[in-house]
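*Asks:*
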Amino acid sequence: MKYSFLILSLLLYCFSCRSKRKEPKSTNIGHIHVSQIGDIEFRRTFADIQFIKNEKEIDAYVKKQEISNPIDMGYVDSNNLLAKRFLELGYVVNTSQHYELLLNKFKFETDSIFSFSTQHHKPYTIRFFSDSSSTSTCFIIASGADSIVVDTKTSPLQDLDYVLLDIIPGGNLEMVFLNDYYIMNGYNFELKVYKID
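Quick note: to get our numbering, add 189 to the position in the sequence shown (first position is 1).
(1) For Met364, write down the residues that DSSP places opposite it in a beta bridge.
(2) Short of 7 Å in beta carbon distance, which residues of its chain neighbour Leu362, apart from the five on each side in sequence? Order them along the chain.
(3) Tell me which same chain residues have a C-beta within less than 7 Å of the C-beta of Phe303, skipping the five on either side of it?
(4) Roughly how many angstroms lie between the CA atoms of Asn377 and Gln286, to the nearest whole one?
(5) Return the CA-CA distance between Thr341 and His310, expressed in angstroms with no decimal places.
(6) Assign Tyr250 to one of three DSSP states: helix, strand, or coil.
(7) If we ignore side chains and look at the alpha-carbon of each, how far apart do Asn374 and Asp335 end up?
(8) State buried or exposed for Asn268, treating a residue as buried only when at least 16 other CB atoms are found within 10 Å of its CB.
(9) Use the C-beta contact count for Ala272: other C-beta atoms within 10 angstroms, 16 or more gives buried, fewer gives exposed.
(10) Please name the residue, chosen from Tyr280, Arg233 and Phe240, that lies closest to Gly263 on a Cα-to-Cα basis.
(11) Ordered along the chain, which non-local residues of its own chain (more than five positions away) have a Cβ less than 6 Å from that of Val282?
(12) Going by alpha carbons, who is nearest to Phe235 out of Ser322, Lys252 and Gly227?
(13) Look up Tyr370 in the DSSP assignment and give the residues it is bridged to.
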């Protein structure tokens, strides 16, 4: 009886802690409009290390993997508009087997506050912060008297990496936010693209 109560308590705790992942929505406050137009995921794996017995071979394998390009996680196909655009811009290459993310091509910014203007000269200030209520990295966008908070649904424990690129052709820069994290013998790299106008 004591063990069944303990097991039931653990199950209830686990299910209550599971976060409900909501799909990103377009948000409009005042004159600020923000939408996550998509994301694309890549992975750098170290899983084959379990099959290597020799220490020197393990060291060589890890060294090789640490500088390798992350590959797509199987969700990217040739019809993916983001993959096509990153390919056109030279940030992704398409090998015969998969897409590879060229991380070294990105010049990621790391400042927690920055400003930029659209092609219509509308100024924006963006500030990143960790939200203790949602336990994720958020950013606030301000323009004049208007401001809006956007939850990236990413861990605040990672380094802050973002870049402004013209992902949707037309002259306005979109914010590409890198969510990188370690899980199960590898690093995941998720590029989240936000349109701000």
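The beta-carbon is built from N, C-alpha and C at its ideal position, and this holds for glycine as well.
*Replies:* Reading it off the structure:
(1) Leu353 and Tyr383, per the DSSP bridge assignment.
(2) Phe305, Leu353, Leu354 and Asp355
(3) Ile315
(4) 18 Å
(5) 26 Å
(6) helix
(7) 43 Å
(8) The residue in question, Asn268, is exposed, as its Cβ has fewer than 16 Cβ neighbours within 10 Å.
(9) buried
(10) Arg233
(11) Counting only Cβ-Cβ distances below 6 Å, and skipping sequence neighbours, we find Glu289.
(12) It is Lys252.
(13) Asn377
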